[in-house]
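A.B. asks:
Protein chains: 2
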Amino acid sequence: MLDMAILGLLEERDLHGYEIRRQLRDNLGILANVSFGSIYPALTRLEKSRAVVATEESAPRDGTPSSLPAPPPTGSLSGELAVLRARRHSPARSRRGKKVYRITELGRKLFAELLSEGGNVEDARSFSLRLAFARHLAPQARLSLLEHRRALLVQRLAETADTNVDLDVYARSVVQHTADGVAQDITWLDHLIAAERATPQSVSAELTYEGDIR
Amino acid sequence: MLDMAILGLLEERDLHGYEIRRQLRDNLGILANVSFGSIYPALTRLEKSRAVVATEESAPRDGTPSSLPAPPPTGSLSGELAVLRARRHSPARSRRGKKVYRITELGRKLFAELLSEGGNVEDARSFSLRLAFARHLAPQARLSLLEHRRALLVQRLAETADTNVDLDVYARSVVQHTADGVAQDITWLDHLIAAERATPQSVSAELTYEGDIR
DNA sequence: ACATCGCTATATCGGTTCGATATACTGAAC
DNA sequence: GTTCAGTATATCGAACCGATATAGCGATGT
C-alpha cells in the first residue's frame, strides 16, 4: 500500500523520503502517522525492483553530475537568496546527503497495476489512497472502484445493524458511531458516483492510462 | 493493541481464538479485519507472560449460560491438570483441540494498565477500543480519555484546514471528507463528554478499578 | 560567545500485524 | 455420499510501527 502511495507522489515530482512523509501526512491526510521505519524500507525495495531510481542532491534534468554535499557558504548574495526562495516551495533543499527519488517507466506501470488491482478493498485507508489518485485511472475503472466500495459498505452496514445487544453504553456508542460513519461514507460515495456518471468520459480521457490497464 | 482487545474480551468470559476474532469483527466492529496471523501469536505471548492461561475444552463460568454441547465441567484445578497431562501423551485425535483462554489476575492488571496508559492516542482504532472498554475505567480516566482525543482531533482539524490547494478533485474530495469525519467525531465526543459530566460519579463507580490504576 | 532547542534528513532495530496458506473436523445440503 | 460451508488452530514471509541514533543547520536565548 505504501508503495502505491509513494509511486503516486513520485508521478508528480521527484521527492526524497522526508518530503514524501510530509506530503502523506499533511497533503493527503490519509496515512497520517506513517513512520520512517516504513518509508525508507519501502524506498529501498522500490529501488531494488527498479521502480524508482535514486540520485543524490536532486540534479536538474539532464545528466548533471552530483555536486558536493555542502553548499558554498561564500556564494553570492543573490545566489543565497535564490536558494532561500527555492527552499520555500520546492523539496529540493540542499542540506546534508539527500536521496531524491525519481519514478521510472517500470514504476509507472507498477503504479497503474497497484492502483487498479492491488490494495485491499476492505481497508478504508487503501481505498482512500486509491481514490486520491483516481485521476490516473480510466473513467470506468474509477466508477468500478467507487461502486465496489459502496457495495462493501452497504453489506457491512446490513450485517452490523442488529448486533448491538448485550453491549454496554460505551461499546454501543462506538458501534453506533461507526455505523453512522459508514452510512455517511455511502452518501458521500453516492455523490461521487453521480458526479462521475454526469461527467462525459472524453473530458478526462486524456489524463488516464486507458490502454495500459488490463 | 490486540493484547488489550483480547484481555478486554476475556474479562467477560473465557474464549478461544476463533471466537475472539468473531467478536472483534462482529460485535465491536473495530479491528474488523484482524487476522489469525495476529490473534494466535498474541494469545501465545499473553500466555507466555502469564496474563492468560489456556485450557482445553473448559467449562463456562458462573452466570454465563452456554448452549454448547455440555463438556465435562473441568473447572477444578485437578481437572485442568488432568487435561494437560492427557494432552502430553495423547495427540488429541478425535477432536481438534479447542484452546479456551482464561484471564488471570496478572492479566487483569495488565489490561488496566494498557487501558489507561498504553495505546496510541493518535490512532482511531486504538481510541475506539479503549472507549469500548471504558466501563472498566474510573470516571475521571474516562473523561480524560475523551478530552485528550477531542483535543487531538481539534488540533488536527485546525492543521488540515487550509492545505487543500493544488490537489485535484478526487484528492480534495478525500481530504474534505476526512475533515468532515473528524468534525463529526468531535461533536460525537462532545456529546459523550457532556453525558459523562452529567452522570454522578457514584453511579458507575462500582464498575471500575479505581484503586488499581496508577 | 555559545548553548540549546527545533527542524530537516536518513537509517536501523525489535516487535507486531497482515495476508496467504495448510490442515482437519463437523454438519447440512444436494 | 460427496461436495460445500463453517469452525478451529497454526505458521510463514513480508510489511509496518514506534522508538531510537545520528547529524547538519537556523533561530532563539543568555
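Residue numbers (the working numbering), protein chains in the order written: chain U, 48 to 261; chain L, 48 to 261. Beta carbons: idealized from backbone N, C-alpha and C, even for Gly.
Cα-Cα, which of U:Leu49, U:Gly76 and U:Ala242 is closest to Gly64 of chain U?
C.D. replies: The sequence position of residue 64 of chain U within the first sequence is 17, counting from 1. Of the candidates U:Leu49, U:Gly76 and U:Ala242, the one whose C-alpha sits nearest the C-alpha of Gly64 of chain U is U:Leu49.
A.B. asks: For the segment 192 to 205 of chain U, enumerate the residues whose C-beta is nearer than 9 Å to any C-beta of chain L, in chain order.
C.D. replies: Within the segment 192 to 205 of chain U, the residues whose Cβ lies closer than 9 Å to some Cβ of chain L are Arg203, listed in chain order.
A.B. asks: Tell me the rounded alpha-carbon separation between Val10 of chain U and Ser96 of chain U.
C.D. replies: Nothing can be reported for residue 10 of chain U, as the shown portion of chain U is limited to 48 through 261.
A.B. asks: Compare the C-beta of Leu214 of chain U with all C-beta atoms of chain L and state if any pair is closer than 8 Å.
C.D. replies: Residue mapping note: residue 214 of chain U aligns to position 167 of the first sequence, counting from 1. Yes, Leu214 of chain U lies at the interface with chain L (some Cβ there is under 8 Å from its Cβ).
A.B. asks: Spell out whether any CB of chain U is found under 8 Å from the CB atom of Tyr65 of chain L.
C.D. replies: Counting from one through the second sequence, the residue named residue 65 of chain L turns up at place 18. It does not; no Cβ of chain U falls within 8 Å.
A.B. asks: Count the other CB atoms, across all protein chains shown, that sit within 10 Å of the CB of Asp61 of chain L; report buried if there are 16 or more and exposed otherwise.
C.D. replies: As a first step, residue 61 of chain L is located in the second sequence; it is residue number 14 there, counting from the start. By the 10 Å Cβ count, Asp61 of chain L comes out buried.
A.B. asks: Whose CA, out of L:Thr225, L:Arg72, L:Ala98 and L:Val168, lies closest to the CA of Ile150 of chain L?
C.D. replies: Within the second sequence, numbered from 1, the residue matching residue 150 of chain L stands at position 103. Nearest option by C-alpha distance: L:Ala98.
A.B. asks: Please list, in chain order, the chain L residues whose beta carbon lies closer than 9 Å to that of Ile77 of chain U.
C.D. replies: In the first sequence, counting from the first residue as 1, residue 77 of chain U sits at position 30. Within chain L, the residues near Ile77 of chain U are Val221, Val222 and Thr225.
A.B. asks: If you pair each beta-carbon of the segment 216 to 223 of chain L with each one of the segment 173 to 186 of chain U, do three or more pairs fall below 8 Å?
C.D. replies: These segments touch.
A.B. asks: Does the beta-carbon of His195 of chain U have 16 or more other beta-carbons within 10 angstroms, so that it is buried, or is it exposed?
C.D. replies: Counting from one through the first sequence, the residue named residue 195 of chain U turns up at place 148. With fewer than 16 other Cβ atoms within 10 Å, it is exposed.
A.B. asks: Let me see if you follow: with CB-CB separation under 8 Å, is Ser163 of chain L close to chain U or not?
C.D. replies: If you number the second sequence from 1, residue 163 of chain L lands on position 116. It does not: the Cβ of Ser163 of chain L has no partner Cβ on chain U nearer than 8 Å.
A.B. asks: Using a Cβ-Cβ cutoff of less than 6 Å, which residues in the same chain neighbour Glu206 of chain L once the five nearest sequence positions on both sides are dropped?
C.D. replies: The residue labelled residue 206 of chain L in the question sits at position 159 within the second sequence. Contacts found: none.
A.B. asks: Got a sec, what are the start and stop residues for the alpha helix (DSSP H) Arg149 of chain L sits in?
C.D. replies: What you label residue 149 of chain L is simply residue 102 of the second sequence in a count that begins at 1. It is not in any alpha helix (DSSP H) - Arg149 of chain L instead sits in the beta strand (DSSP E) that spans Lys146 to Ile150.
A.B. asks: Between the beta-carbon of Val168 of chain U and the beta-carbon of Leu193 of chain U, is there less than 8 Å?
C.D. replies: As a working mapping, residue 168 of chain U is identified with position 121 in the first sequence. As a working mapping, residue 193 of chain U is identified with position 146 in the first sequence. Cβ distance not < 8 Å, so Val168 of chain U and Leu193 of chain U don't count as in contact.
A.B. asks: If Ala52 of chain U sits next to Leu78 of chain U, beta carbons under 8 Å apart, how far is it from one beta carbon to the other, in whole angstroms?
C.D. replies: Working through the first sequence from its first residue, we reach residue 52 of chain U at position 5. Working through the first sequence from its first residue, we reach residue 78 of chain U at position 31. Sure, about 6 Å apart at Cβ, within 8 Å.
A.B. asks: On a Cα-Cα basis, can you pick out the residue from L:Thr246, L:Ala188, L:Ala245 and L:Arg203 that is closest to Val229 of chain L?
C.D. replies: Looking up residue 229 of chain L in the second sequence gives position 182. Per the Cα distances, L:Arg203.
A.B. asks: Using a Cβ-Cβ distance cut-off of 8 Å, determine whether Gly84 of chain U contacts chain L.
C.D. replies: Residue mapping note: residue 84 of chain U aligns to position 37 of the first sequence, counting from 1. Cβ-Cβ to chain L under 8 Å: no for Gly84 of chain U.
A.B. asks: Just the C-alpha distance for Ala101 of chain L and Tyr148 of chain U, rounded to the nearest angstrom, thanks.
C.D. replies: The residue labelled residue 101 of chain L in the question sits at position 54 within the second sequence. The residue labelled residue 148 of chain U in the question sits at position 101 within the first sequence. If I take the Cα positions, the gap works out to 50 Å.
A.B. asks: Please return the same chain residues whose Cβ sits closer than 6 Å to the Cβ of Phe83 of chain L, not counting the five positions on each side in sequence.
C.D. replies: Position 36 of the second sequence, counted from the start, is the residue given in the question as residue 83 of chain L. Cβ within range, chain order: n/a, list empty.
A.B. asks: Can you tell me the Cα-Cα spacing of Ala159 of chain U and Ala89 of chain L, whole angstroms?
C.D. replies: By 1-based counting over the first sequence, the position of residue 159 of chain U is 112. By 1-based counting over the second sequence, the position of residue 89 of chain L is 42. C-alpha separation (whole angstroms): 36 Å.
A.B. asks: Return no unless some Cβ of chain U is closer than 8 Å to the Cβ of Thr91 of chain L.
C.D. replies: Position 44 of the second sequence, counting from 1, holds the residue named residue 91 of chain L. No - not a single Cβ of chain U is within 8 Å of the one on Thr91 of chain L.
A.B. asks: Count the other CB atoms, across all protein chains shown, that sit within 10 Å of the CB of Glu243 of chain L; report buried if there are 16 or more and exposed otherwise.
C.D. replies: Indexing the second sequence from 1 puts residue 243 of chain L at position 196. That one is buried.
A.B. asks: Is there a Cβ of chain L sitting closer than 8 Å to that of Thr207 of chain U, yes or no?
C.D. replies: In the first sequence, counting from the first residue as 1, residue 207 of chain U sits at position 160. Answer yes: the Cβ-Cβ gap between Thr207 of chain U and chain L drops below 8 Å somewhere.
A.B. asks: Note down the Cα distance separating Arg197 of chain L from Leu153 of chain U, rounded to an integer number of angstroms.
C.D. replies: Mapped onto the second sequence, residue 197 of chain L falls at position 150. Mapped onto the first sequence, residue 153 of chain U falls at position 106. Looking at the two C-alpha atoms, the distance is approximately 44 Å.
A.B. asks: Let me check understanding here. Comparing Cα to Cα, which of U:Asp213, U:Asp232, U:Arg189 and U:Gln231 lies closest to Thr246 of chain U?
C.D. replies: As a first step, residue 246 of chain U must be located in the first sequence, where it is residue number 199. Answer by Cα proximity: U:Arg189.
A.B. asks: Would you verify that the beta carbon of Pro107 of chain L is, or is not, closer than 8 Å to some beta carbon of chain U?
C.D. replies: Translated into the one-based positions of the second sequence, residue 107 of chain L becomes position 60. The pLDDT assigned to Pro107 of chain L is 38, lower than 50, so where the model puts this residue is not dependable, and the model offers no usable value.
A.B. asks: Do the CB positions of Leu273 of chain U and Ile67 of chain U come within less than 8 Å of each other?
C.D. replies: This structure cannot speak to residue 273 of chain U, because chain U is shown only from 48 to 261.
A.B. asks: Using the Cβ count rule (16 or more neighbours within 10 Å means buried), how would you classify His183 of chain L?
C.D. replies: Numbered from its first residue, the second sequence carries residue 183 of chain L at position 136. His183 of chain L comes out buried.
A.B. asks: Report all residues from its chain with a CB closer than 6 Å to the CB of Ile156 of chain L; omit the five preceding and five following residues, and keep chain order.
C.D. replies: One-based indexing of the second sequence puts residue 156 of chain L at position 109. Note that residue 156 of chain L is Lys in the sequence shown, not Ile. For Lys156 of chain L, where only same-chain residues beyond five positions count, there are no Cβ hits under 6 Å.
A.B. asks: Does chain U have any CB closer than 8 Å to the CB of Arg182 of chain L?
C.D. replies: By one-based count along the second sequence, residue 182 of chain L stands at place 135. Yes, contact with chain U.
A.B. asks: Can you tell me the Cα-Cα spacing of Leu239 of chain U and Ile233 of chain L, whole angstroms?
C.D. replies: Locating residue 239 of chain U in the first sequence gives position 192, where the first residue counts as 1. Locating residue 233 of chain L in the second sequence gives position 186, where the first residue counts as 1. Distance between the alpha carbons of Leu239 of chain U and Ile233 of chain L: 25 Å.
A.B. asks: At which residues does the alpha helix (DSSP H) containing Thr91 of chain L begin and terminate?
C.D. replies: Counting from one through the second sequence, the residue named residue 91 of chain L turns up at place 44. Run containing Thr91 of chain L: Phe83 to Lys95, per the alpha helix (DSSP H) assignment.
A.B. asks: Classify Thr246 of chain L as helix, strand or coil using the three-state DSSP reduction.
C.D. replies: For this step, residue 246 of chain L is matched to residue 199 along the second sequence. Looking at Thr246 of chain L - three-state DSSP - the assignment turns out to be coil, as it is neither helix nor strand.
A.B. asks: Give every residue of the same chain whose Cβ lies closer than 7 Å to the Cβ of Glu257 of chain U, excluding the five residues on either side of it in the sequence, and list them in chain order.
C.D. replies: Counting from 1 along the first sequence, the entry for residue 257 of chain U is found at position 210. Any reading at Glu257 of chain U must be qualified, since the residue scores a pLDDT of 46, below 50, and its modelled position is unreliable; no value is offered.
A.B. asks: Once DSSP output is grouped into helix, strand and coil, what is the label at Ala230 of chain L?
C.D. replies: As a working note, residue 230 of chain L is residue 183 in the second sequence. If DSSP states are grouped into helix, strand and coil, Ala230 of chain L belongs with the helices.
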